[in-house]
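**Student:** The sequence shown begins at 530 in the numbering used here and counts up by one. All C-beta atoms in this analysis are idealised placements derived from N, C-alpha and C, irrespective of residue type, glycine included.
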Amino acid sequence: MIIRHTSQIGEPVIRKKALRVKDVQSVKTKKMVRDLIDSMRYHQLVGMAAPQIGISAQIFVTEIRKTETRKNPKQLDHLRVFINPRIIHVSKKQETDYEGCGSVADAQLFAPVQRPNMVTIEALNEYGEVFILEAKGLLARVIQHEFDHLQGKVFLDRVRVTTAILDRQNYISRQK
Ligand SMILES: [Zn+2]
Numbered sequence: 530m531i532i533r534h535t536s537q538i539g540e541p542v543i544r545k546k547a548l549r550v551k552d553v554q555s556v557k558t559k560k561m562v563r564d565l566i567d568s569m570r571y572h573q574l575v576g577m578a579a580p581q582i583g584i585s586a587q588i589f590v591t592e593i594r595k596t597e598t599r600k601n602p603k604q605l606d607h608l609r610v611f612i613n614p615r616i617i618h619v620s621k622k623q624e625t626d627y628e629g630c631g632s633v634a635d636a637q638l639f640a641p642v643q644r645p646n647m648v649t650i651e652a653l654n655e656y657g658e659v660f661i662l663e664a665k666g667l668l669a670r671v672i673q674h675e676f677d678h679l680q681g682k683v684f685l686d687r688v689r690v691t692t693a694i695l696d697r698q699n700y701i702s703r704q705k
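(1) Any chance the region 620 to 629 sits against the region 591 to 606, with 3 or more Cβ pairs inside 8 Å?
(2) For a quick check, are the C-beta atoms of V690 and P641 less than 8 Å apart?
(3) At the level of alpha carbons, what is the spacing between F660 and H534?
(4) How big is the Cα-Cα spacing for F684 and H572?
(5) According to DSSP, is N699 part of a helix, a strand, or is it coil?
(6) Taking the C-alpha atoms as reference points, what is the distance between R670 and M577?
(7) Can you say whether R703 is buried or exposed, counting buried as having 16 or more other CB atoms within 10 angstroms of its CB?
(8) Just to confirm, are S632 and I582 a CB contact at a threshold of 8 Å?
(9) So T649 and H618 are supposed to be a Cβ contact under 8 Å. How far apart are they, rounded?
(10) Using only CA atoms, which one of P645, L653 and P580 lies nearest to I612?
(11) When you compare only the Cα positions, how much space is there between I532 and K545?
(12) Would you mind sorting E655 into buried or exposed? The rule is 16 or more other CB atoms within 10 Å of its CB.
(13) Give the range of the alpha helix (DSSP H) segment to which Q537 is assigned.
(14) Locate the beta strand (DSSP E) running through K665, then write down its first and last residues.
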């Protein structure tokens, strides 16, 4: 198992548009996917994108596991791999909720981000097969957050109410 350093805001790879994956089935791609999954789990994140482990590639993974503050079974979701994803539809209805990010984890900031509450995404899975997923709620939010990373964006770019930004301790105390 290889746990990669999580690239932080300020590192150029976080602000670059990620390169398309040409060979989904290559050993190199398989290794990147494996490293992303291991790193996401190790850092206890619900999603992680390749630029966050220093790789410019259009890959992200999601997995919404049960935690102390996330117990609602409706929110939980199994491991998913997205390669060369395209968002093909977003709902008009938007929702605002707090987000954090492994790439601002050193700064430990959490802030409210408004996003469409439903999203339809097309991508390749780890076997190179095309799939289309319609996601809502927390999974839709995680997908949009990770997709943004592939465009060189972080959630802080989307924060409108900067006075609502919280540090980790204040964020956690409000979850209870
Ligand atoms: Zn992030």
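**Tutor:** In brief:
(1) no
(2) yes
(3) Each residue's Cα considered, the two are about 30 Å apart.
(4) 18 Å
(5) helix
(6) Roughly 13 Å separates the two Cα atoms.
(7) exposed
(8) no
(9) 4 Å
(10) L653
(11) 22 Å
(12) buried
(13) From DSSP, Q537 is part of no alpha helix (DSSP H); its letter is neither H nor E.
(14) V659 to K665
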